[in-house]
Amino acid sequence: MSTINQNTIRTPRMHLRSASQRQNTPSALARQTRILETRRTILGNTIRELEADLRQQRGALDALTIEVDQALRRRDDEGDRYEMLREQKENLKNTIRDNFRQSDLGMKYKELRQLHDELVKNGGIDTNNIKKQIDKIGDIFKQLVKTNIAAIKAEIEIAREIYRTASEHHNTLYQQQQYITGVVSDLTRKLKIARIRDRLLNQARGKKQRRPTHKRGKKGKNNKKNNTLIM
0 MSTINQNTIR
10 TPRMHLRSAS
20 QRQNTPSALA
30 RQTRILETRR
40 TILGNTIREL
50 EADLRQQRGA
60 LDALTIEVDQ
70 ALRRRDDEGD
80 RYEMLREQKE
90 NLKNTIRDNF
100 RQSDLGMKYK
110 ELRQLHDELV
120 KNGGIDTNNI
130 KKQIDKIGDI
140 FKQLVKTNIA
150 AIKAEIEIAR
160 EIYRTASEHH
170 NTLYQQQQYI
180 TGVVSDLTRK
190 LKIARIRDRL
200 LNQARGKKQR
210 RPTHKRGKKG
220 KNNKKNNTLI
230 M
């Protein structure tokens, strides 16, 4: 029994080392650690770049939001002024019309209209002369209105152009605001993913550092067992 070679018994145990044990050799663990550190460095740079971009875009968005609010108020103010001038024009036309009706020329116009309508109703044939007088007074009234509203009509045209420009300016800023809002949202999403990946890499790095080593007494225990078998 004592002539049995001890290496003959120990050899199978040496060849039964698992793949995970071979991977846990100092050189393999060092290589894996270097790979993790490289990934963490690259990811750390990416996170810092995303954070810088996000700060910049958020600052731009805050400034642009102020401009959009100001442009909106300007647009609304110009729109209100435009509508006010239009209302003033209509009120002025109504005032001119009322004053004309109470004037001598307005009273004559009313009489001619009534006479014309009565002749037409009774089949009168001499209506052309009356119609010409009615049209003449009507032209005088139109010219009166045109002259009196010319000034406010010019103001309305200017106000409408200013309102149109203010609306376009607000719309342009609003579109820019929506674009930057989308950029901020996209950067926020990418940064969140990058931080999750960084946390996972840190956890993996911690596991590598905390990996338990083999107990030194185990080999001696096996030798003792082998010696027992030999004896």
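Using numbering that gives the first Met the number 0, read the sequence shown as starting at 0 and increasing by one per residue. Here a beta-carbon is modelled for each residue, glycine too, at the ideal position from N, C-alpha and C.
Under a three-way DSSP split, which group does residue i fall into?
{"i": "Asn121", "result": "coil"}
{"i": "Thr126", "result": "coil"}
{"i": "Ser102", "result": "coil"}
Could you check which residue in the options has the C-alpha nearest to that of residue i?
{"i": "Leu143", "options": "Asn98, Arg39 and Leu71", "result": "Asn98"}
{"i": "Ser184", "options": "Thr32, Glu154, Leu60 and Thr37", "result": "Leu60"}
{"i": "Ile95", "options": "Arg188, Lys189 and Ile148", "result": "Ile148"}
{"i": "Glu50", "options": "Arg163, Ile192 and Ala203", "result": "Ile192"}
{"i": "Ile133", "options": "Gly122, Gln175 and Glu110", "result": "Glu110"}
{"i": "Glu154", "options": "Arg33, Gln87 and Ile34", "result": "Gln87"}
{"i": "Arg163", "options": "Gln174, Gln202, Ser102 and Asp79", "result": "Asp79"}
{"i": "Arg39", "options": "Asp52, Gln175 and Asp197", "result": "Asp197"}
Taking all protein chains shown into account, do 16 or more other C-beta atoms lie within 10 angstroms of the C-beta of residue i, making it buried, or fewer, making it exposed?
{"i": "Glu48", "result": "exposed"}
{"i": "Val119", "result": "exposed"}
{"i": "Glu77", "result": "buried"}
{"i": "Lys224", "result": "Unreliable positioning characterises Lys224 in this predicted model, as indicated by a pLDDT of 47, which lies under 50. The coordinate reading is nonetheless provided below. Answer is exposed; the Cβ neighbour count stays below 16."}
Nearest-angstrom Cα distance between residue i and residue j?
{"i": "Glu167", "j": "Lys135", "result": "45 Å"}
{"i": "Asn170", "j": "Thr64", "result": "12 Å"}
{"i": "Gly181", "j": "Ile161", "result": "30 Å"}
{"i": "Ala165", "j": "Arg159", "result": "10 Å"}
{"i": "Leu71", "j": "Thr187", "result": "28 Å"}
{"i": "Asn127", "j": "Asn93", "result": "29 Å"}
{"i": "Ala106", "j": "Asp116", "result": "Per the sequence shown, residue 106 should be read as Met rather than Ala. Each residue's alpha carbon lies about 16 Å from the other."}
{"i": "Leu190", "j": "Arg57", "result": "14 Å"}
{"i": "Tyr81", "j": "Arg73", "result": "12 Å"}
{"i": "Ile151", "j": "Leu84", "result": "7 Å"}
{"i": "Thr146", "j": "Glu89", "result": "14 Å"}
{"i": "Gln31", "j": "Tyr178", "result": "42 Å"}
{"i": "Ser26", "j": "Arg33", "result": "11 Å"}
{"i": "Gln176", "j": "Asp75", "result": "19 Å"}
{"i": "Gln69", "j": "Ala62", "result": "11 Å"}
Since residue i contacts residue j with CB under 8 Å, what's their CB separation in whole angstroms?
{"i": "Leu42", "j": "Leu200", "result": "7 Å"}
{"i": "Leu172", "j": "Glu36", "result": "With 8 Å as the limit, Leu172 and Glu36 do not qualify as a contact, their Cβ atoms being about 46 Å apart."}
{"i": "Ile139", "j": "Leu91", "result": "Actually they do not touch by this definition, with Cβ atoms about 18 Å apart."}
Are any of the Cβ atoms in chain C nearer than 8 Å to that of residue i?
{"i": "Lys189", "result": "Of the chains in the structure shown, none is chain C; there is only one protein chain."}
Does the beta carbon of residue i fall short of 7 Å from some heavy atom of the ligand HEM?
{"i": "Ala62", "result": "Annotation note on the ligand HEM: not contained in the displayed structure, which lists no ligands."}
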